[in-house]
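What follows is one structure encoded as structure tokens, with my remarks underneath.
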Amino acid sequence: MRAQEGFVLADLDPRSTPNFEGDKTEAEAQLIALSERAAELQERLFAQSKGGATQAVLLVIQGMDTSGKGGIMRHVVGAVDPQGVDITAFKAPTAEERRHPFLWRIRNALPTPGQIGVFDRSHYEDVLIGKVRQLAPPATISRRYGQINTFEANVVADGTTIIKVMLHISSQEQKERLAARLDRPDKHWKYNPGDIDERALWTDYQAAYQTAIEKTSTDHAPWFVVPADRKWYARLAVMNLLVEHLEALDPQWPAADFDVEAEKKRLAAT
Numbered sequence: 207m208r209a210q211e212g213f214v215l216a217d218l219d220p221r222s223t224p225n226f227e228g229d230k231t232e233a234e235a236q237l238i239a240l241s242e243r244a245a246e247l248q249e250r251l252f253a254q255s256k257g258g259a260t261q262a263v264l265l266v267i268q269g270m271d272t273s274g275k276g277g278i279m280r281h282v283v284g285a286v287d288p289q290g291v292d293i294t295a296f297k298a299p300t301a302e303e304r305r306h307p308f309l310w311r312i313r314n315a316l317p318t319p320g321q322i323g324v325f326d327r328s329h330y331e332d333v334l335i336g337k338v339r340q341l342a343p344p345a346t347i348s349r350r351y352g353q354i355n356t357f358e359a360n361v362v363a364d365g366t367t368i369i370k371v372m373l374h375i376s377s378q379e380q381k382e383r384l385a386a387r388l389d390r391p392d393k394h395w396k397y398n399p400g401d402i403d404e405r406a407l408w409t410d411y412q413a414a415y416q417t418a419i420e421k422t423s424t425d426h427a428p429w430f431v432v433p434a435d436r437k438w439y440a441r442l443a444v445m446n447l448l449v450e451h452l453e454a455l456d457p458q459w460p461a462a463d464f465d466v467e468a469e470k471k472r473l474a475a476t
């Protein structure tokens with residue numbers, strides 16, 4: 207799923223399940239097992255920061271409307287202890303945010319040591335909707351790719367592992383999910399009439415994603431493109447990515463900064 211040189215978004219089948227041959231039931235069983243592993247690793251990451259470690263993780267989730275970002279928040283991010291997670295859902299910039307460079311609000315939301323930061327949408331909106339809706343001049347959009355790469359390189363150098371995920375959904379699947387929201391009163395709150403306006407620009411958004419992936423999938427912060435027509439697969443795939451990166455960090459329990467045996471004796475005496 208890592209976007210290597212020559213990656214073509216249009217060639218990836220959104221209904222495919224790369225590296226997984228099971229069905230939904232098997233995927234859900236694996237997700238439960240991986241959730242336990244993720245929770246343990248996240249607790250170790252959080253604990254070791256109390257001993258002075260500076261490692262952190264930033265999970266960036268991008269995708270078209272209805273691609274399943276909310277499901278990732280519930281089923282993947284929701285599997286770990288909330289005290290060690292910081293979720294930021296980026297909306298349209300506020301008046302204050304527009305007075306600063308586009309990465310200002312992103313920098314302010316970066317995870318602190320021991321945390322798993324999660325971006326529900328991110329700085330990439332500035333080269334996606336910003337490009338499609340022409341919210342900035344083409345020259346400004348072009349400069350942003352390099353600014354993003356430099357910014358992410360600095361974030362990684364400071365001890366944060368970046369996991370960038372694009373949830374790749376098909377136009378037909380999006381149409382069906384939007385229709386389902388309209389058919390169910392309990393889903394009307396999720397529906398935004400503006401989604402249809404954005405859907406009309408589907409081809410432009412796919413081209414914008416292709417360009418963003420080409421220009422910003424780097425060795426220090428590669429893109430992972432996850433087929434998302436099957437929600438159960440996308441959740442399993444993102445959980446796998448999170449666990450793999452946490453295992454690579456190999457966080458350790460911090461050593462006690464007190465005399466354990468002495469404390470045992472004190473406790474026994476109470």
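Quick note: this note's numbering has the sequence shown finishing at residue 476, numbered continuously throughout. Yeah, the Cβ is synthetic: ideal placement off N, Cα and C, and Gly gets one too.
1. Applying the 10 Å Cβ sphere with the 16-neighbour rule, what's the burial state of Q458?
2. Between which two residues does the beta strand (DSSP E) holding A262 run?
3. So, with DSSP's three-state summary, where would you put W459?
4. Between the alpha carbons of N360 and A386, how many angstroms are there, rounded?
5. May I ask which residues mark the beginning and end of the beta strand (DSSP E) holding G432?
6. Are the CB atoms of E358 and I369 within a distance shorter than 8 Å?
7. Just to check my reading of the structure: M445 and I375 have Cβ atoms closer than 8 Å, yes? What is that Cβ distance to the nearest angstrom?
8. Helix, strand or coil: which one does DSSP assign to D219?
9. Can you check which of these residues, M279, A342, E246, V282, is closest to E453 by C-alpha distance?
10. Does the beta-carbon of E382 have 16 or more other beta-carbons within 10 angstroms, so that it is buried, or is it exposed?
11. For the stretch 319-396, list the alpha helix (DSSP H) runs that are entirely contained and at least 4 residues long, ordered along the chain.
12. With distances taken between CB atoms, is the gap from F213 to I347 smaller than 8 Å?
13. For the structure I just gave you, are there three or more beta carbon pairs, one from the stretch 311-318 and one from the stretch 393-409, closer than 8 Å?
14. From the DSSP output, in three-state form, read off T294 for me.
15. How many Å lie between P344 and H306 at the Cα?
16. For R441, does the count of other Cβ atoms within 10 angstroms reach 16, so buried, or fall short, so exposed?
17. Can you tell me where the alpha helix (DSSP H) with F252 in it begins and where it stops?
18. Take A244 as the anchor and find which of Y439, A233, S423, G284 has the nearest alpha-carbon.
19. Given a cut-off of 8 Å, decide if F296 and Y439 are closer than it, judged by their beta-carbon atoms.
20. Take G365 and list the residues in its own chain whose beta-carbon comes closer than 6 Å to its own, dropping the five residues that flank it on each side.
21. Select from F252, K256, E242 the residue whose C-alpha is nearest the C-alpha of A462.
22. Give me the Cα-Cα distance between P224 and F430, rounded to the nearest whole angstrom.
23. Have a look at E469, A216, K393, L448 and flag the residue whose alpha-carbon is nearest the alpha-carbon of V286.
24. How long is the line joining the alpha carbons of A363 and H426, rounded to whole angstroms?
25. Determine the closest residue to L384 out of M372, S273, V291, with distance taken between C-alpha atoms.
26. Only counting the same chain, and skipping five residues up and downstream in sequence, which positions put a Cβ closer than 7 Å to that of A342?
Taking the coordinates as given:
1. Counted from its first residue, the sequence shown places residue 458 at position 252. It counts as exposed.
2. Residue 262 sits at position 56 when you count from the first residue of the sequence shown. Note, A262: beta strand (DSSP E), 262-269.
3. Mapped onto the sequence shown, residue 459 falls at position 253. Note: W459 maps to coil in three-state DSSP.
4. Taking the sequence shown and counting its residues from 1, the one referred to as residue 360 is at position 154. Taking the sequence shown and counting its residues from 1, the one referred to as residue 386 is at position 180. Using only the alpha carbons, I get a separation of about 42 Å.
5. As a first step, residue 432 must be located in the sequence shown, where it is residue number 226. Looking at the sequence provided, one finds Val at residue 432 rather than Gly. 429-433 is the extent of the beta strand (DSSP E) around V432.
6. As a first step, residue 369 is located in the sequence shown; it is residue number 163 there, counting from the start. As a first step, residue 358 is located in the sequence shown; it is residue number 152 there, counting from the start. Not in contact: I369 and E358 (Cβ atoms no closer than 8 Å).
7. Residue mapping note: residue 445 aligns to position 239 of the sequence shown, counting from 1. Residue mapping note: residue 375 aligns to position 169 of the sequence shown, counting from 1. With 8 Å as the limit, M445 and I375 do not qualify as a contact, their Cβ atoms being about 18 Å apart.
8. Start at 1 with the first residue of the sequence shown, and residue 219 comes out as number 13. In the structure shown, D219 sits in coil (DSSP, three-state: anything other than H, G, I, E or B).
9. Start at 1 with the first residue of the sequence shown, and residue 453 comes out as number 247. Checking every option, the nearest Cα to that of E453 belongs to E246.
10. The sequence position of residue 382 within the sequence shown is 176, counting from 1. It is exposed - the Cβ of E382 has fewer than 16 other Cβ atoms within 10 Å.
11. 335-338, 344-363, 377-389
12. The residue labelled residue 213 in the question sits at position 7 within the sequence shown. The residue labelled residue 347 in the question sits at position 141 within the sequence shown. No.
13. no
14. Within the sequence shown, the letter at position 88 stands for residue 294. Of the three classes helix, strand and coil, the one that applies to T294 here is strand, per DSSP.
15. For the purposes of this step, residue 344 is taken as residue 138 along the sequence shown, with counting starting at 1. For the purposes of this step, residue 306 is taken as residue 100 along the sequence shown, with counting starting at 1. About 19 Å.
16. Residue numbering aside, residue 441 sits at position 235 when the sequence shown is read from its first letter. Buried: at least 16 other Cβ atoms inside 10 Å.
17. The sequence position of residue 252 within the sequence shown is 46, counting from 1. Note, F252: alpha helix (DSSP H), 230-255.
18. As a working mapping, residue 244 is identified with position 38 in the sequence shown. Ranking Y439, A233, S423, G284 by Cα distance to A244 puts G284 first.
19. Taking the first residue of the sequence shown as position 1, residue 439 is located at position 233. Taking the first residue of the sequence shown as position 1, residue 296 is located at position 90. No, the Cβ-Cβ distance between Y439 and F296 is not below 8 Å.
20. Counting from 1 along the sequence shown, the entry for residue 365 is found at position 159. Excluding residues within five positions, the ones whose Cβ falls inside 6 Å are T260, Q261.
21. On the sequence shown, residue 462 is found 256 positions in, with the first residue counted as 1. Of the listed residues, the one whose Cα sits closest to A462 is K256.
22. Your numbering for residue 224 matches position 18 in the sequence shown. Your numbering for residue 430 matches position 224 in the sequence shown. In a straight line, the C-alpha of P224 is about 12 Å away from that of F430.
23. The residue given as residue 286 occupies position 80 in the sequence shown. The candidate whose alpha carbon is nearest that of V286 is L448.
24. By 1-based counting over the sequence shown, the position of residue 363 is 157. By 1-based counting over the sequence shown, the position of residue 426 is 220. Their backbone Cα atoms lie some 9 Å apart in a straight line.
25. Along the sequence shown, one-based indexing puts residue 384 at 178. Selected option, being the one with the closest Cα: S273.
26. By 1-based counting over the sequence shown, the position of residue 342 is 136. Excluding positions up to five away in sequence, the list reads G336.
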